[in-house]
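Notes follow the structure.
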Amino acid sequence: MEGRGGSVAVQLQQLILRSESVESFLEAFAFYTSRLFGSEDEYSCGVTLTRGDLTVTAGSSTEAAAIEELRQGFSGDPWRNSSQIHQTFVVDEARTDERLPGYGKVLRDRGFHAVVGVPAVIGSEGGAVISLYARRPTVFTPDVIERFEEYVTGTTTSLELALKLALYRGAAADLLAAMESRTNIDIAVGIIIAQNHCTQAEAVQLLRRAARHQQIKLRALAERIVQTLNAAPVAAHFVPAPGQSSA
352 MEGRGGSVAV QLQQLILRSE SVESFLEAFA FYTSRLFGSE DEYSCGVTLT
402 RGDLTVTAGS STEAAAIEEL RQGFSGDPWR NSSQIHQTFV VDEARTDERL
452 PGYGKVLRDR GFHAVVGVPA VIGSEGGAVI SLYARRPTVF TPDVIERFEE
502 YVTGTTTSLE LALKLALYRG AAADLLAAME SRTNIDIAVG IIIAQNHCTQ
552 AEAVQLLRRA ARHQQIKLRA LAERIVQTLN AAPVAAHFVP APGQSSA
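Everything in the sequence shown is counted per our numbering, starting at 352 for the first residue and increasing by one.
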């Protein structure tokens, strides 16, 4: 499928490279999708990405983003049901669709009259629902629905890559935090050794005893000790992952 500016696959790869988080990618993805099918006055796109306990939502507009958030708590969520049976869900006219009256009201309150939602399997453990919201009713003809389904099918690899990249960056951020915490503890132990002329084991015990006495975490006390001698925060030497801030 060709999009504006080249093939969809290439465009989505560029979005991933320019995004620093899965949230920012999904926002850009939603905006790209909505413009691919029409103008901002016609369509908005919403995305819900799930993997285990992780759920991330985004929208190309504030209204679409709000709907994606609201439907997470909806009893009998049609998108959740459709994703379980891998079927497209279509609302032609929110004012007359009686399958889920409360959901129709959510759509109407935000200026939408029709929606098509297509579920997608993302890797072995993830899933997504990509929804296209329309300002006018009965715009999702069989041809439009088929085109949207084909588009969603073609985006699953990009969505899987974005999800894996987000998990990787999250793990890298956790590792960096652990390294910085360990750096403060090591320096604090060195300070205690120098001040008390004791062994490393004795310095660690002194640090732990002081943390228990003051009822604070070991790393917090270590940071406090280091900052008494060094006004600038101590940072571990760490090469950030591509797209990840080193700050």
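Ideal Cβ positions, reconstructed from N, Cα and C, are used throughout, including at glycine.
All values derive from a computational prediction rather than experimental measurement.
Closest by C-alpha distance to phenylalanine 491, out of Leu572, Gly541, Leu368, Tyr394, is Tyr394. By the neighbour-count criterion, in which a residue is buried when 16 or more other Cβ atoms sit within 10 angstroms of its Cβ, alanine 529 is exposed. DSSP places valine 503 in the helix class (H, G or I) of the three-state scheme. Here the alpha carbon of histidine 437 sits roughly 28 Å from the alpha carbon of glutamine 365.
By the C-beta density criterion, histidine 464 is buried, having at least 16 other C-beta atoms within 10 angstroms. Valine 503 and valine 469 do touch by the CB rule: their CB atoms are close to 4 Å apart, below 8 Å. The C-alpha of serine 385 lies about 5 Å from the C-alpha of cysteine 396.
Around the C-beta of serine 411, 16 or more other C-beta atoms lie within 10 Å, and the residue is accordingly described as buried. For the pair arginine 369 and valine 398, the Cα-to-Cα distance works out to about 18 Å. Per DSSP, proline 488 has no beta bridge partner at all. Of the residues Glu371, Thr413, Ser372, the one whose Cα lies closest to the Cα of phenylalanine 382 is Thr413.
Taking the Cα positions, arginine 520 is about 10 Å away from leucine 526.
For valine 495, the closest of Phe380, Leu363, Phe388 by C-alpha to C-alpha distance is Phe388. Residue state for glycine 410 is assigned as strand, using DSSP reduced to three classes. Nearest to aspartate 404 by C-alpha distance, out of Glu476, Thr579, Asn547, is Glu476. The straight-line gap separating the alpha-carbon atoms of phenylalanine 380 and histidine 564 is approximately 51 Å. Residue state for arginine 563 is assigned as helix, using DSSP reduced to three classes. In terms of CA proximity to serine 482, Arg422 leads the group Leu572, Arg446, Leu558, Arg422. The beta carbon of glutamate 574 sits closer than 6 Å to the beta carbons of Asn535 from its chain, once the five residues preceding and following it are set aside; these are given in chain order.
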